[in-house]
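Here the sequence shown stands for residues 0 to 396, where the numbers follow numbering that gives the first Met the number 0.
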Amino acid sequence: MDISIFIQIILGLVVVGIVIVLISSISGLKKKTNEINQADILADELDRQKKENLHLKDELKKINSVDNIFFASMIRLASRLKSEEIAKEMAGLLLNCLDAKEIAVFLSDEGGKRLNIVAQHGLNEDWIPRLVYELDEKYDKGKVGICFEKKLPIGEREFTILGIQEPYPIFSPDICYPLFYQNKKFGVIAITCKENLGERERNLLGVVSGIAGVALNNTRSFEDITFTAHTDPLTKLYNIGYFKGRFIDELDRAKRFQHNLSVAIIDLDRFKTYNDTYGHQAGDQLLIQLAHIFKKHFDKTDTLARYGGDEFIVMCPEINKQEAAKIIEVLLRDLEMYDFTRGKEKVKVTFSAGVSSYPDDGANGAELIKMADQALYGAKGAGRNIVQVYRPKIEKI
């Protein structure tokens with residue numbers, strides 16, 4: 000074979016080998032590049048998922064936090080024993096859970112004739128005394144009144160369909176939910192929103208208003224039981240059992256803070272004669288009238304009770320017996336202006352009273368009541384229609 004041809008063949012083979020090596024190298028490089036790109040993509044995806052998981056974890060924490068606040072508030076709401084406390088708990092709960100601009104909780108009065116605000120957020124303080132919803136037919140009830148009357152949620156749609164007028168331009172809630180239990184109506188939650196409420200928020204409002212209705216029913220039942228246990232059935236004043244418990248508490252307080260504490264026993268003059276003349280039913284009516292007069296006379300810090308029969312007892316904190324006697328003397332003089340009518344006859348009623356006080360006349364309730372009773376006995380002996388303070392007898396040596 001010609002040497003030149005042999006060399007050409009060898010060079011051709013070398014070129015082919017180089018091409019194969021180059022192709023193989025390029026293929027390997029591409030493979031490595033692809034592997035690097037895939038690794039980068041995988042790393043980016045893992046990083047993205049990690050960030051998303053952290054975000055979801057944070058969101059879950061927020062949801063759990065809101066749920067914990069919600070359930071804790073619901074437990075507190077259900078455990079309250081006063082209507083005002085339930086209303087305040089509701090307002091606080093909804094403020095935490097809803098993006099609300101204004102929240103007002105209205106409760107009805109004892110006669111169910113009007114709705115008054117007992118808890119609120121976001122309202123002008125000057126408006127609150129004016130935002131009273133009269134439930135009489137002649138007044139515009141607005142969303143709040145209609146919601147209470149019909150025991151149904153009332154929003155803008157229902158409001159427009161019913162063609163209702165708002166009585167107060169200063170307050171036009173977006174939605175109202177009733178507070179009721181079975182056939183008992185207690186009040187209304189009224190809310191002005193920053194944004195339209197979604198289904199979740201409406202469901203939450205329904206749950207809160209429902210549980211609040213149960214809580215208010217329990218509270219009213221508890222208040223009724225407590226009132227019956229502590230109240231004289233005829234006069235509706237406190238009974239002597241409740242009075243003695245309060246007396247012990249106030250006496251402990253007087254000792255702790257070194258205050259005076261006075262007690263007075265009031266006994267109607269010649270009540271037996273009145274009963275014998277006009278009958279026991281008339282006597283009961285007289286006691287009811289007098290209880291009403293007495294109750295208006297004394298301060299809220301004083302405790303007035305029916306002692307028994309025609310006797311009343313009153314406790315006056317932080318004043319001595321002379322000051323307490325003056326208060327009762329004013330009542331006695333005011334009573335002279337009243338005519339108690341029996342048929343065509345007008346009857347005047349008077350009383351006698353005895354007053355004692357801590358620490359001058361005793362260190363415990365029994366002693367103080369005993370000394371007040373002795374002072375009362377002295378007032379009766381002095382001709383009735385008089386108030387006497389207890390004065391210790393000075394024994395002769």
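For every residue, glycine included, the Cβ atom is placed at its ideal position computed from N, Cα and C.
Any idea what DSSP makes of residue i, helix, strand or coil?
i: Ser82; result: helix
i: Lys183; result: strand
i: Asn363; result: coil
i: Phe339; result: strand
i: Pro418; result: With the chain represented from 0 up to 396, any question about residue 418 goes unanswered, as that position is not in the structure.
i: Thr349; result: coil
i: Asp333; result: helix
i: Arg167; result: Per the sequence shown, the amino acid found at residue 167 is Tyr instead of Arg. The answer is coil: DSSP assigns Tyr167 none of H, G, I, E or B.
i: Ala263; result: strand
i: Val131; result: coil
i: Ala378; result: helix
i: Gln387; result: strand
i: Thr234; result: coil
i: Gly244; result: helix
i: Glu148; result: helix
i: Glu344; result: strand
i: Gly162; result: coil
If contacts are defined as beta-carbon pairs under 8 Å, then residue i and residue j qualify, I think. What distance do you get, rounded to the angstrom?
i: Glu317; j: Asn238; result: That belief does not hold up - the Cβ atoms of Glu317 and Asn238 are roughly 24 Å apart, past 8 Å.
i: Asp309; j: Asp266; result: 6 Å
i: Lys294; j: Leu236; result: 7 Å
i: Asp173; j: Glu157; result: Not quite, the Cβ-Cβ distance comes to about 12 Å (not below 8 Å), so this is no contact.
i: Gly162; j: Phe246; result: Contact doesn't hold; Cβ gap of about 58 Å is too wide.
i: Val354; j: Ala263; result: 4 Å
Considering Cα atoms alone, identify which of the options is closest to residue i.
i: Glu148; options: Thr159, Glu133, Gly162; result: Glu133
i: Pro177; options: Thr159, Leu196, Ile153; result: Ile153
i: Arg341; options: Asn216, Gln288, Lys100, Gly353; result: Gln288
i: Gly110; options: Asp298, Leu285, Lys183; result: Lys183
i: Thr230; options: Glu344, Tyr306, Met370; result: Tyr306
i: Asn216; options: Leu97, Pro166, Leu106, Arg383; result: Leu106
i: Tyr240; options: Gln181, Phe311, Cys96; result: Reading off the sequence shown, one finds Gly at residue 240, where the question assumed Tyr. Checked all of Gln181, Phe311, Cys96; the closest Cα to Gly240 is Phe311.
i: Ala352; options: Cys192, Val386, Thr272; result: Val386
i: Val143; options: Ala378, Ile210, Ile102; result: Ile102
i: Ile74; options: Phe256, Lys347, Ala90, Ala214; result: Ala214
i: Lys100; options: Ala290, Lys81, Phe179, Leu196; result: Leu196
i: Asp223; options: Ser82, Leu130, Asp139, Glu249; result: Ser82
i: Val348; options: Ile368, Met314, Gly282, Asp298; result: Gly282
i: Lys140; options: His120, Pro168, Ala90, Cys96; result: Pro168
i: Glu335; options: Cys315, Ala323, Asp268, Tyr357; result: Asp268
i: Thr191; options: Arg129, Ala90, Glu366; result: Ala90
i: Cys315; options: Lys345, Leu250, Lys379, Ala189; result: Leu250
Counting C-beta neighbours from all protein chains within 10 Å, is the total for residue i 16 or more, i.e. buried, or is it exposed?
i: Val398; result: Not covered by the structure: residue 398. The range shown for the chain is 0 to 396.
i: Gln321; result: exposed
i: Phe226; result: exposed
i: Ile62; result: Because the pLDDT at Ile62 is just 44, under 50, the model does not fix this residue reliably, and the value given afterwards should be weighed accordingly. Classification of Ile62: exposed, given that the 10 Å Cβ count is below 16.
i: Ile292; result: exposed
i: Asp360; result: buried
i: Leu80; result: exposed
i: Met370; result: buried
i: Leu330; result: buried
i: Gln181; result: exposed
i: Asp338; result: exposed
i: Asp372; result: buried
7 Å is my cut-off, CB to CB: does residue i come that close to chain C?
i: Gln257; result: No chain C appears in the structure shown, which is made up of a single protein chain.
Is residue i near the ligand COA, going by C-beta to nearest heavy atom under 6 Å?
i: Ile247; result: You won't find the ligand COA in this model; it holds no ligand whatsoever.
Complete runs of the alpha helix (DSSP H) confined to the region 274-326 [at least 4 residues]: Within the region 274-326, the runs of alpha helix (DSSP H) that reach at least 4 residues and sit entirely inside it are, in chain order, 279-296.
Residue ranges of each beta strand (DSSP E) within the region 95-124, 3 or longer: The region 95-124 is shown to contain whole beta strand (DSSP E) runs of 3 or more residues at 99-107, 113-120, in chain order.
Those runs of the beta strand (DSSP E) which lie wholly inside the region 183-225 and span at least 3 residues: Those beta strand (DSSP E) runs which fall completely within the region 183-225 and span 3+ residues are 183-192.
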